[in-house]
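Asks:
Residue numbers (our numbering), protein chains in the order written: chain A, 1 to 158; chain B, 159 to 444.
Below is the structure:
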């Protein structure tokens, strides 16, 4: 049986996906979507965060078959019509990206937060991003980026 | 290679588990780590992974009435956010909110937390304080099983391969209680608890409940501490005595192991502090 799911709006059908394969393996290995990173592989670092039906989760802890019939969004799916998402723009502008390895997971975890809460406090941002490790930035500029993106989104940025 | 089976109903899940070769997959957040380790070490994989996330029978949530029940398939994100859980069993909502990270809580379930049987599981400590009895289903029918019998040793349960946990029956509580879940860990998110504690006090201290986790091989309420609380006068002296008693119980059961140098004073102080917080929620002074 083929595994059918929607990734970044595209319906996908994949043959011979083993039951134990993680969503992360399928995204990177079968679909070539290398924006989703493998850091720890055991759910500690958040680098592999993707959205499944709009909720952030660790793709390394999710079996690919759990996504059957559902919508997966990776970092590649966030920009629309050639324009970066406000979160992506805010990360670039505030210098919240250094080596960049944690950035896709950070942005998708922040996306989940802003979808539920368009005016989060610093404490709420920290809680939402607590499952994402960054070893470069010290988090300060990541916090600023999320605050800035939240403001842009409230003001109706494209 | 494991075959993946989406169970749409309890009957389908039990039929898939009946041969005894399958593993139940709920959120996957513990099981996927175990499967990864098995693959890396060349270990055996289960013949079937039976996904129970869509089984409606595991999603029940009945909080009012004489027989409260929490479905095993409810995620920690759901338990942390549910207004009913927050109002009736706030210590369970607090424990759920303290598990893993946002990403983990979206997948991880209370039933999976119990089935994984980690001695540090936050959900297990909360359920223990609430007198949880697991309702276990197989093709042969259903059986109740108290939490302390279900979890037999660290990472071991008496659950048979053909069985699935349907949910947890909780003790009904008085209308007014002070409930607090406390946790000591190294990092705010994703920390495996070094110590976790669930406390539920009623206004007359007739039925105080205190469960301590990450300290013993299996989940437990501390009956001696609860007896002390029932007999004493609420106040700082009693909370401190309860902390001493809890720490003494830990060393009696586990002996003086290396971690005790840290854990004993931590148990003493966290117990006293958490009891004071729970009592303050009832309007009592500290």
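From the three backbone atoms N, C-alpha and C, an ideal C-beta is built for every residue, glycine too. Since this is a predicted model, take the numbers as computed values, not measurements.
For the stretch 392-409 of chain B against the stretch 312-322 of chain B, do three or more pairs of beta-carbon atoms, one drawn from each stretch, fall closer than 8 angstroms, so that the two count as touching?
Replies: They do not touch, by the three-pair rule.
Asks: Can you tell me the Cα-Cα spacing of residue 325/B and residue 141/A, whole angstroms?
Replies: Between residue 325/B and residue 141/A, the C-alpha separation is close to 43 angstroms.
Asks: Below 8 angstroms on C-beta distance, what does residue 22/A contact in chain B?
Replies: Within 8 angstroms Cβ-Cβ: 190, 194.
Asks: Applying the 10 Å Cβ sphere with the 16-neighbour rule, what's the burial state of residue 337/B?
Replies: Buried, because 16 or more other Cβ atoms sit within 10 Å of the Cβ of residue 337/B.
Asks: Would you tell me roughly how many angstroms separate the C-alpha atoms of residue 444/B and residue 399/B, rounded to the nearest one?
Replies: Note that residue 444/B scores 48 on pLDDT, short of 50, meaning its location in the model is unreliable; the coordinates nonetheless yield the value given after this. If you take the alpha carbons of residue 444/B and residue 399/B, they lie about 14 angstroms apart.
Asks: Among the candidates 342/B, 193/B, 437/B, whose CA atom is the shortest distance from the CA of residue 357/B?
Replies: For the residues 342/B, 193/B, 437/B, the minimum Cα distance to residue 357/B belongs to 437/B.
Asks: Do residue 253/B and residue 284/B count as a contact pair if the criterion is CB distance below 9 angstroms?
Replies: For residue 284/B and residue 253/B, yes; Cβs fall inside 9 angstroms.
Asks: If I'm right that residue 132/A touches residue 102/A with Cβ under 8 angstroms, what's the distance once you round it to whole angstroms?
Replies: Right, the Cβ-Cβ distance comes to about 6 angstroms (below 8 angstroms), so this counts as a contact.
Asks: Is residue 232/B close to chain A? Criterion is C-beta to C-beta, closer than 9 angstroms.
Replies: No, no contact with chain A.
Asks: Drop a sphere of 10 angstroms on the beta-carbon of residue 178/B, count the other beta-carbons inside from all chains shown, and report buried for 16 or more, exposed for fewer.
Replies: Classification of residue 178/B: exposed, given that the 10 Å Cβ count is below 16.
Asks: Could you tell me which residues DSSP puts in a beta bridge with residue 116/B?
Replies: The structure shown does not extend to residue 116/B, since chain B is modelled only from 159 through 444, so no value can be given for it.
Asks: What do you get for residue 186/B, buried or exposed, if any count of 16 or more other CB atoms within 10 angstroms of its CB means buried?
Replies: Label assigned to residue 186/B: buried.
Asks: So, for residue 266/B: in the same chain, excluding its five sequence neighbours on each side, which residues have a beta-carbon less than 7 angstroms away from its beta-carbon?
Replies: 185, 187, 233, 234, 257, 258.
Asks: Can you tell me whether residue 403/B is buried or exposed, with buried defined as 16 or more other CB within 10 angstroms of its CB?
Replies: Buried, because 16 or more other Cβ atoms sit within 10 Å of the Cβ of residue 403/B.
Asks: Evaluate residue 166/B with the Cβ neighbour count: other Cβ atoms within 10 Å of its Cβ, from every protein chain shown; 16 or more gives buried, anything less gives exposed.
Replies: So residue 166/B ends up on the exposed side.
Asks: Going by Cα to Cα distance, which pick from 230/B, 289/B, 246/B is closest to residue 273/B?
Replies: When each option's Cα is compared against that of residue 273/B, the closest is 230/B.
Asks: So, with DSSP's three-state summary, where would you put residue 444/B?
Replies: Because residue 444/B carries a pLDDT of 48, less than 50, the predicted location of this residue cannot be relied on, and no value is offered for it.
Asks: Hey, could you find the ends of the alpha helix (DSSP H) residue 86/A is sitting in?
Replies: Per DSSP, residue 86/A belongs to the alpha helix (DSSP H) from 86-94.
Asks: What's the C-alpha gap between residue 333/B and residue 143/A?
Replies: Approximately 41 angstroms, taken between the alpha carbons.
Asks: Return the chain-ordered list of same chain residues with a C-beta closer than 6 angstroms to the C-beta of residue 145/A, the five sequence neighbours on each side being excluded.
Replies: Excluding residues within five positions, the ones whose Cβ falls inside 6 angstroms are 90, 91, 94, 96.
Asks: Would you give the residue range spanned by the beta strand (DSSP E) that residue 58/A belongs to?
Replies: Its beta strand (DSSP E) spans residues 55-58.
Asks: Along chain A, which residues have their Cβ under 7 angstroms away from the Cβ of residue 407/B?
Replies: Simply none; closest approach about 32 angstroms.
Asks: Cα-Cα, which of 420/B, 304/B, 215/B is closest to residue 379/B?
Replies: It is 304/B.
Asks: Can you have a look at residue 159/B and say buried or exposed, based on whether 16 or more other CB atoms are within 10 angstroms of its CB?
Replies: Exposed, because fewer than 16 other Cβ atoms sit within 10 Å of the Cβ of residue 159/B.
Asks: Beta-carbon of residue 120/A versus every beta-carbon of chain B: anything under 9 angstroms?
Replies: Chain B, which has no Cβ nearer than 9 angstroms to the Cβ of residue 120/A, makes this no.
Asks: Buried or exposed: residue 4/A, going by 16 or more other Cβ atoms within 10 Å of its Cβ?
Replies: That one is exposed.
Asks: When you compare the stretch 110-120 of chain A with the stretch 240-253 of chain B, are there three or more beta-carbon pairs, one atom per stretch, that lie closer than 8 angstroms?
Replies: Cβ pair count under 8 angstroms is below three, so no.
Asks: Hey, out of 199/B, 262/B, 439/B, whose CA is closest to residue 359/B's CA?
Replies: If we check each option's Cα against that of residue 359/B, 439/B comes out closest.
Asks: Give me the subset of the stretch 168-187 of chain B whose CB atoms are less than 7 angstroms from a CB atom of chain A, sorted by chain position.
Replies: Listed by position along the chain: 183, 186, 187.
Asks: So, for residue 289/B: in the same chain, excluding its five sequence neighbours on each side, which residues have a beta-carbon less than 6 angstroms away from its beta-carbon?
Replies: Taken in chain order, the residues that qualify are 329.
Asks: With DSSP as the reference, identify every bridge partner of residue 382/B, one or two as the case may be.
Replies: Paired residue(s): none; residue 382/B is not in a bridge.
Asks: Measure the C-alpha to C-alpha separation of residue 367/B and residue 50/A and round it to an integer number of angstroms.
Replies: About 40 angstroms.
Asks: Considering only the alpha carbon of each residue, which of 15/A, 20/A, 73/A, 44/A lies closest to residue 33/A?
Replies: Nearest of 15/A, 20/A, 73/A, 44/A to residue 33/A, Cα basis: 73/A.
Asks: Residue 210/B CB to nearest chain A CB: under 9 angstroms?
Replies: Cβ-Cβ to chain A under 9 angstroms: no for residue 210/B.
Asks: For residue 55/A and residue 27/A, what's the separation of their Cα atoms in angstroms?
Replies: Computed Cα separation, rounded: 17 angstroms.
Asks: Helix, strand or coil for residue 73/A per DSSP?
Replies: Three-state result, residue 73/A: strand.
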